[in-house]
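Here the structure comes first, spelled out in structure tokens, and everything after it is commentary.
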Amino acid sequence: MSALTPMERRPAPVDNTVKSRVPHGAPVLWGGELAALSRDASLYDRPDTRTDKQAHVAVFSTGLTVRGGASLGDLGAACDPGRIMLNDDLVLEAHKVGKPARCRRRACQALFAAAERQHGDLDHIRSYYRLEHRIGVRVDLGLRVRHIGRPGTIIDTRGQYLVVRLDDETAPVTVHATSSMEYQGPKGWVPAAPLPDPYAAV
Numbered sequence: 381m382s383a384l385t386p387m388e389r390r391p392a393p394v395d396n397t398v399k400s401r402v403p404h405g406a407p408v409l410w411g412g413e414l415a416a417l418s419r420d421a422s423l424y425d426r427p428d429t430r431t432d433k434q435a436h437v438a439v440f441s442t443g444l445t446v447r448g449g450a451s452l453g454d455l456g457a458a459c460d461p462g463r464i465m466l467n468d469d470l471v472l473e474a475h476k477v478g479k480p481a482r483c484r485r486r487a488c489q490a491l492f493a494a495a496e497r498q499h500g501d502l503d504h505i506r507s508y509y510r511l512e513h514r515i516g517v518r519v520d521l522g523l524r525v526r527h528i529g530r531p532g533t534i535i536d537t538r539g540q541y542l543v544v545r546l547d548d549e550t551a552p553v554t555v556h557a558t559s560s561m562e563y564q565g566p567k568g569w570v571p572a573a574p575l576p577d578p579y580a581a582v
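Quick note on numbering: the sequence shown equals residues 381 to 582 in our numbering.
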């Protein structure tokens, strides 16, 4: 069995607007893709205001507290979610953050690389299968789906395929975007019909 990717080792990604009962370490989504934020230095007596700050891939954190135990915030850096609090005033799309502006620690670097790959994969899936146009559902990370009737969440991409963590499984599965798939849309569950075969009538 192949090793798990950085996305597969974490809890399912969650939209940035969700604030309650999110697992520690779950990647933050902005527009259906990974989000990045800069460090929140407002608690420092003398924060450095002269140099540009690096961006971190954002994850939800339950470990950001002051010495007395009071909670500070709920967004932390992927590289150190228990100690690096992020400022949610300016949310960035992780795949658009230039390499010089990225945190160089391993966990953030791995998720920045994943964000670039996922963006390309999702762009292809959206434009090729046109599910938003055909069934009214935009394919995003964190989207709830059913594969062969079993519910789960899109956690990653693999080329033209989606990586889904099913609710009743710990190991993720790789699935085709339209084969035995249903997507949760604004009006409920919608089956994803495969594209018509251009050679079927020949």
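Beta carbons: idealized from backbone N, C-alpha and C, even for Gly.
Since the structure is predicted, the reported quantities are computational estimates derived from the model, not experimental observations.
Endpoints, the alpha helix (DSSP H) within which residue i is located
i, result
"His513", "511-515"
"Arg390", "Segment: none, Arg390 is in no alpha helix (DSSP H) and carries neither H nor E."
Own chain residues within Cβ distance below 7 Å of residue i, not counting five before or after
i, result
"Ile464", "Arg419, His436, Gly456, Ala457"
"Gly532", "Val525, Val544, Arg545, Leu546, Asp547"
First and last residue of the uninterrupted beta strand (DSSP E) at residue i
i, result
"Val437", "435-440"
"Thr397", "From DSSP, Thr397 is part of no beta strand (DSSP E); its letter is neither H nor E."
Assigned exposure category for residue i - 16 Cβ within 10 Å defines buried
i, result
"Asp469", "exposed"
"Asp547", "exposed"
"Tyr508", "exposed"
"Asp454", "buried"
"Ser559", "exposed"
"Ala383", "exposed"
Neighbourhood of residue i by C-beta, 6 Å cutoff - its chain only, sequence neighbours within 5 removed
i, result
"Val583", "This structure cannot settle anything about residue 583, because the visible part of the chain is limited to 381 through 582."
"Val555", "His527, Leu542, Val544"
"Gln564", "Arg524"
"Asp460", "none"
Whole runs of the alpha helix (DSSP H) within the region 462-489, excluding any shorter than 4 residues: Those alpha helix (DSSP H) runs which fall completely within the region 462-489 and span 4+ residues do not exist here.
contact_flag[the region 509-520, the region 477-492] where n(CB pairs < 8 Å) is 3 or more: The region 509-520, when compared against the region 477-492, does not touch it at the 8 Å Cβ threshold.
Touching by the beta-carbon criterion (3+ pairs, under 8 Å), the region 383-394 and the region 540-558: yes
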